[in-house]
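Reviewing the structure listed below.
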Amino acid sequence: MNITGPKVIFTIPVLGGIPISETVVNSWIVMAILVIGSMLLTRNLQKVPKGAQVLVEKVVETLYSFVESTMGKDKVFFAPYIGTLFLFSFFSNMLGLFGLRAPTADINTTACWAFIEFMLVQIFSIKRKGVIGRIKGLCDPPIVTPLNLISEFSTPVSMAFRHFGNIAAGLIITTLLYGALTGLTHMVFGANFQIPILAIGLPAVLSVYFDLFTAFMQAFIISMLTMVFTSMAMD
Amino acid sequence: MTMPFLSIDWTLVVQLINTGILFLLLSKFLFKPVKAMIDSREAEVSKMYEDASAAKEQADRLQAEYAASISGAKEEANQIVKDAQKRAQMRSDEILTDAQTKASAMMTKAEEEIAREKKKAVNEIKDEISDLAVMIATKVVGKDLNTQDHEQLIQEFIDGAGDLSWKE
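These protein sequence lines map, in sequence, to chains A and B. Residues in the first sequence are numbered from 8 upward in steps of one, following our numbering. Residues in the second sequence are numbered from 398 upward in steps of one, following our numbering.
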């Protein structure tokens, strides 16, 4: 029972070897689930919706109206990315439920999304306001220019660590709990008792919090922050 | 072999590519088609509402038009009837007047005729009387009166007598 980083599944032998870790492979699983699921759900869209189509339309409609109300009508074109980010994060976080290592328990994944947020802020604020307008926005009261510059970088960093920390903490606590309960079983029933009987029940309850509630919260938070910071930089 | 628990490495780049791929695939298979469906349905519904309100507007306009034309027709019919009545009245008046005129003219003519006939008869009678008087006088006197000389005298007498007698 030790807490390690993600296992390396295989290595692509280019550029001195690119390791493909559990994180990446599990991301592919999530991507496959999402893409195949949406292909199946949108295979036969009808003018008069029925069954699963109602749910899918409700989700997409909610996403668009949420992006519109948060970012504004002129930035509703961000909705597909925000939806991708939310679904990717949410399903990744939930992989813990199936005993797989969540891709979001790896700082690389969350840092990747924070990096995208950083790039969105830079690209779209310059696109909207021009380079000079962007610089002016950063130096609005000139005295806080250094703070603004720091926050440009600290915001994505904090986003990455917040998401990673929450999921990784869930992973650590779940692992510790299983270890502790297995140890307790061995203490109570003797070291030869192989079935960790005391590990049944309590981890499931905690899993509802760590794998469902936190999964949703973190996916929601990173999507929300991406929307807020991007639209703030554009206005 | 495991990666460190907290390190930035190649995985970040791979995850960037993964996120990009997922974004493109979900856009293509989830967001775009569903949004297009929602939008097209919304457009259709709003078009239906628009069509309905346009049709209602047209119906209202036509109804108003019909009501106006019907009341116009009624007025016109009333006018026609009134005109016809007026014309008939005028015509009947005309006919009556004409008839009256004609009748009175005929009356006048008849009266004139009567007067002329009377005068003629009176004259004839006067002539006969004068002849008779001359004849009687001839017989009574026994001698031939000079007709030429005395006729005027007799005539005057007869005129006076005739006038008197006709005046009674």
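Cβ coordinates follow ideal geometry from the N, Cα and C atoms, glycine included.
Just to confirm the assignment, what range does the alpha helix (DSSP H) spanning I142 of chain A have? Along the first sequence, read from residue 1 onward, the residue named residue 142 of chain A stands at position 135. Looking at the DSSP string, the run of the alpha helix (DSSP H) that includes I142 of chain A is 114 to 145.
Does the beta carbon of M8 of chain A come closer than 7 Å to any beta carbon on chain B? Within the first sequence, residue 8 of chain A is the residue found at index 1, counting from 1. Since pLDDT at M8 of chain A reaches only 48, below the 50 mark, its modelled position is unreliable, and the value read off the structure follows with that caveat. Not one chain B Cβ lies under 7 Å of M8 of chain A.
Determine whether the Cβ of A211 of chain A lies closer than 7 Å to any Cβ atom of chain B. If you number the first sequence from 1, residue 211 of chain A lands on position 204. Taking Cβ atoms only, chain B never reaches closer than 7 Å to A211 of chain A, which makes this a no.
Spatial distance of P13 of chain A from T30 of chain A (CA atoms): Here the question's residue 13 of chain A lines up with position 6 in the first sequence. Here the question's residue 30 of chain A lines up with position 23 in the first sequence. Each residue's Cα considered, the two are about 6 Å apart.
Which of helix, strand or coil does DSSP assign to I10 of chain A? Position 3 of the first sequence holds residue 10 of chain A. Three-state result, I10 of chain A: coil.
Could you give the distance in angstroms between the alpha-carbon of N415 of chain B and the alpha-carbon of L213 of chain A? In the second sequence, counting from the first residue as 1, residue 415 of chain B sits at position 18. In the first sequence, counting from the first residue as 1, residue 213 of chain A sits at position 206. One C-alpha to the other measures close to 30 Å.
Evaluate the contact criterion for the region 75 to 95 of chain A versus the region 53 to 60 of chain A: three or more CB pairs, one atom per stretch, below 8 Å. no
Which of helix, strand or coil DSSP assigns to P26 of chain A: Residue mapping note: residue 26 of chain A aligns to position 19 of the first sequence, counting from 1. Correct three-state label for P26 of chain A: strand.
Does the CB of V61 of chain A have a neighbour CB from chain B at under 7 Å? For the purposes of this step, residue 61 of chain A is identified with residue 54 of the first sequence, where counting begins at 1. It does not; no Cβ of chain B falls within 7 Å.
Can you confirm whether the region 220 to 238 of chain A touches the region 90 to 107 of chain A when touching is taken to mean that 3 or more C-beta pairs between the two stretches lie within less than 8 Å? yes
Residue environment, L22 of chain A, which counts as buried when at least 16 other CB atoms sit within 10 Å: Reading the first sequence from its first residue, position 15 is the one you call residue 22 of chain A. Exposed, by the Cβ-count rule.
Against chain A, which members of the region 444 to 474 of chain B pass a CB distance test of less than 9 Å? Cβ contacts with chain A: none found.
Going along the chain, which residues of the region 103 to 120 of chain A sit with their C-beta nearer than 8 Å to a C-beta in chain B? P110, D113, I114, N115, T116, A118, C119, W120
Return the residues of the region 42 to 72 of chain A that lie within a Cβ-Cβ distance of less than 7 Å from chain B, sorted by chain order. V42, S45, M46, T49, L52, K54, V63, E64, V67, E68, Y71
Who are I19 of chain A's beta bridge partners in DSSP? Locating residue 19 of chain A in the first sequence gives position 12, counting from the first residue. I19 of chain A is bridged to A:I25.
Once DSSP output is grouped into helix, strand and coil, what is the label at A240 of chain A? Your numbering for residue 240 of chain A matches position 233 in the first sequence. In the three-state reduction of the DSSP assignment, A240 of chain A falls in the helix class, which pools H, G and I.
So, with DSSP's three-state summary, where would you put T49 of chain A? What you label residue 49 of chain A is simply residue 42 of the first sequence in a count that begins at 1. Three-state result, T49 of chain A: coil.
Report yes or no: is there a C-beta of chain B within less than 7 Å of the C-beta of M38 of chain A? Taking the first sequence and counting its residues from 1, the one referred to as residue 38 of chain A is at position 31. At least one C-beta of chain B is nearer than 7 Å to the C-beta of M38 of chain A.
Could you work out which residue in B:V537, B:I526, B:T535 is closest to I555 of chain B when comparing CA atoms only? Here residue 555 of chain B refers to the residue found at position 158 when the second sequence is read from its first residue. For the residues B:V537, B:I526, B:T535, the minimum Cα distance to I555 of chain B belongs to B:I526.
Which residues does DSSP list as the beta-bridge partners of T399 of chain B? As a first step, residue 399 of chain B must be located in the second sequence, where it is residue number 2. A:K14.
If I follow the unbroken alpha helix (DSSP H) through F95 of chain A, where does it start and stop? Working through the first sequence from its first residue, we reach residue 95 of chain A at position 88. Segment 86 to 101, the alpha helix (DSSP H) holding F95 of chain A.
Do we get a CB-CB distance below 7 Å when we pair K80 of chain A with the residues of chain B? One-based indexing of the first sequence puts residue 80 of chain A at position 73. No, no contact with chain B.
Run of the alpha helix (DSSP H) containing S161 of chain A, from where it starts to where it stops: Counting from 1 along the first sequence, the entry for residue 161 of chain A is found at position 154. Start and end: 152 to 196.
Which value, in whole angstroms, describes the spacing of the CA atoms of T117 of chain A and S230 of chain A? In the first sequence, the residue the question calls residue 117 of chain A occupies position 110. In the first sequence, the residue the question calls residue 230 of chain A occupies position 223. The straight-line gap from Cα to Cα measures roughly 12 Å.
Burial state of K82 of chain A (16 or more Cβ within 10 Å): Translated into the one-based positions of the first sequence, residue 82 of chain A becomes position 75. The residue in question, K82 of chain A, is buried, as its Cβ has 16 or more Cβ neighbours within 10 Å.
Output yes if chain C places a C-beta closer than 7 Å to the C-beta of S76 of chain A; else output no. No chain C is present in this structure, whose protein chains are A and B.
Buried/exposed call for E124 of chain A, threshold 16 Cβ in 10 Å: What you label residue 124 of chain A is simply residue 117 of the first sequence in a count that begins at 1. Around the Cβ of E124 of chain A, a 10 Å sphere holds 16 or more other Cβ atoms; the residue is buried.
Touching by the beta-carbon criterion (3+ pairs, under 8 Å), the region 42 to 56 of chain A and the region 416 to 427 of chain B: yes
Run through DSSP, which three-state label would L107 of chain A get? Position 100 of the first sequence, counted from the start, is the residue given in the question as residue 107 of chain A. Look at L107 of chain A here: in three-state DSSP terms it is coil, with no helix or strand label.
My assumption, with CB atoms under 8 Å, is that P210 of chain A sits in contact with L232 of chain A. Please give the rounded CB distance. The residue you call residue 210 of chain A lines up with position 203 of the first sequence. The residue you call residue 232 of chain A lines up with position 225 of the first sequence. P210 of chain A to L232 of chain A, Cβ: 30 Å. No contact.
Do you know offhand how far I228 of chain A's Cα is from A433 of chain B's? Within the first sequence, the letter at position 221 stands for residue 228 of chain A. Within the second sequence, the letter at position 36 stands for residue 433 of chain B. Whole-angstrom Cα-Cα distance: 27 Å.
Alpha-carbon to alpha-carbon, M241 of chain A and V128 of chain A: As a first step, residue 128 of chain A must be located in the first sequence, where it is residue number 121. As a first step, residue 241 of chain A must be located in the first sequence, where it is residue number 234. Using only the alpha carbons, I get a separation of about 7 Å.
Going along chain A, which residues have a C-beta under 9 Å from V431 of chain B? In the second sequence, counting from the first residue as 1, residue 431 of chain B sits at position 34. Within 9 Å Cβ-Cβ: S45, L48, T49, L52, Q60, V63, E64, V66, V67, E68.
Using a C-beta to C-beta distance shorter than 8 Å, which residues of chain B count as neighbours of G90 of chain A? In the first sequence, the residue the question calls residue 90 of chain A occupies position 83. Near G90 of chain A (Cβ distances below 8 Å), the residues of chain B are L423, L427, F428.
Cα-Cα separation, T494 of chain B to M504 of chain B: Taking the second sequence and counting its residues from 1, one reaches residue 494 of chain B at position 97. Taking the second sequence and counting its residues from 1, one reaches residue 504 of chain B at position 107. One C-alpha to the other measures close to 15 Å.
Quick one: is I435 of chain B near chain A, going by C-beta distance under 7 Å? As a position in the second sequence, residue 435 of chain B is number 38, starting the count at 1. Yes, contact with chain A.
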